[in-house]
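Engineer: Sharing a structure below in structure tokens format, with a few things to ask.
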Amino acid sequence: MDTVVKDIEQWFQEQLCAGLILPTGWNGRPYDNVYRLTFVAGRPRWLMIELDDNSLFVITDLKECKPSESELTLSGFTQFVRHNPGGDTFDPSMEVFTEGSIQLDKRLFYLSVDL
14 MDTVVKDIEQ
24 WFQEQLCAGL
34 ILPTGWNGRP
44 YDNVYRLTFV
54 AGRPRWLMIE
64 LDDNSLFVIT
74 DLKECKPSES
84 ELTLSGFTQF
94 VRHNPGGDTF
104 DPSMEVFTEG
114 SIQLDKRLFY
124 LSVDL
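Under my numbering, the first residue of the sequence shown is numbered 14, with each subsequent residue one higher.
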């Protein structure tokens, strides 16, 4: 899991922020939201990722972390839990996925900036 944590940290150092696509599709409206990494840690079976000091992801038994120049894909997990504690403009929420992939895409960031 140490290699995965380093890959994620390095990818965000190079990209700064990215759009987020969950197993069910876009997180929020397409091209409208960008996220930055604020915390990442790995345990033998779990990977914890925090975006924007707000959204916490816990991924169990991750099989693949695939970074490229334009996107970072996490797939092959047994469970992915997305927890948002809530805030001024939205209520707390939690989602659990047992299949699919999570994609962080820098092209979304550049599209939103150019518009």
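Built from N, CA and C at the ideal position, the CB exists for glycine as well.
Kindly indicate if chain C contains any beta-carbon less than 8 Å away from that of threonine 51.
Structural biologist: Note that chain C does not occur in the displayed structure, where there is just one protein chain.
Engineer: Comparing alpha-carbon positions, which option in Lys76, Val18 and Trp39 lies nearest aspartate 118?
Structural biologist: Position 105 of the sequence shown holds residue 118. The candidate whose alpha carbon is nearest that of aspartate 118 is Trp39.
Engineer: Using the rule of at least 16 other Cβ atoms within 10 Å of the residue's Cβ for burial, across every protein chain shown, is glycine 32 buried or exposed?
Structural biologist: As a position in the sequence shown, residue 32 is number 19, starting the count at 1. With 16 or more Cβ atoms within 10 Å of its Cβ, glycine 32 is classed as buried.
Engineer: I'd like to check one pair, threonine 86 with lysine 76: are the Cβ atoms closer than 8 Å?
Structural biologist: Within the sequence shown, residue 76 is the residue found at index 63, counting from 1. Within the sequence shown, residue 86 is the residue found at index 73, counting from 1. No, Cβ-Cβ distance for lysine 76 and threonine 86 is not below 8 Å.
Engineer: Can you tell me whether arginine 95 is buried or exposed? The criterion is at least 16 other CB atoms within 10 Å of its CB, across all chains shown.
Structural biologist: Taking the first residue of the sequence shown as position 1, residue 95 is located at position 82. The residue is buried, with at least 16 neighbouring Cβ atoms inside 10 Å.
Engineer: Could you please give the first and the last residue of the uninterrupted beta strand (DSSP E) stretch that includes aspartate 118?
Structural biologist: Sequence index remark: in the sequence shown, residue 118 carries index 105 (1-based). Aspartate 118 -> beta strand (DSSP E) spans 114-118.
Engineer: Which term fits aspartate 127, buried or exposed, when burial requires 16 or more other beta carbons within 10 angstroms of its beta carbon?
Structural biologist: As a working note, residue 127 is residue 114 in the sequence shown. The pLDDT assigned to aspartate 127 is 43, lower than 50, so where the model puts this residue is not dependable, and the model offers no usable value.
Engineer: From this set, Val53, Phe110 and Gly41, which residue's C-alpha is nearest glutamine 23's C-alpha?
Structural biologist: One-based indexing of the sequence shown puts residue 23 at position 10. With distances taken between Cα atoms, glutamine 23 lies closest to Val53.
Engineer: For leucine 29, count the other beta carbons within 10 Å of its own beta carbon; 16 or more makes it buried, fewer makes it exposed. Which is it?
Structural biologist: In the sequence shown, residue 29 corresponds to position 16, counting from 1. Flag for leucine 29 reads exposed.
Engineer: With distances taken Cα to Cα, identify the nearest neighbour of leucine 69 among Pro57, Ser83 and Phe93.
Structural biologist: Within the sequence shown, numbered from 1, the residue matching residue 69 stands at position 56. Checked all of Pro57, Ser83 and Phe93; the closest Cα to leucine 69 is Phe93.
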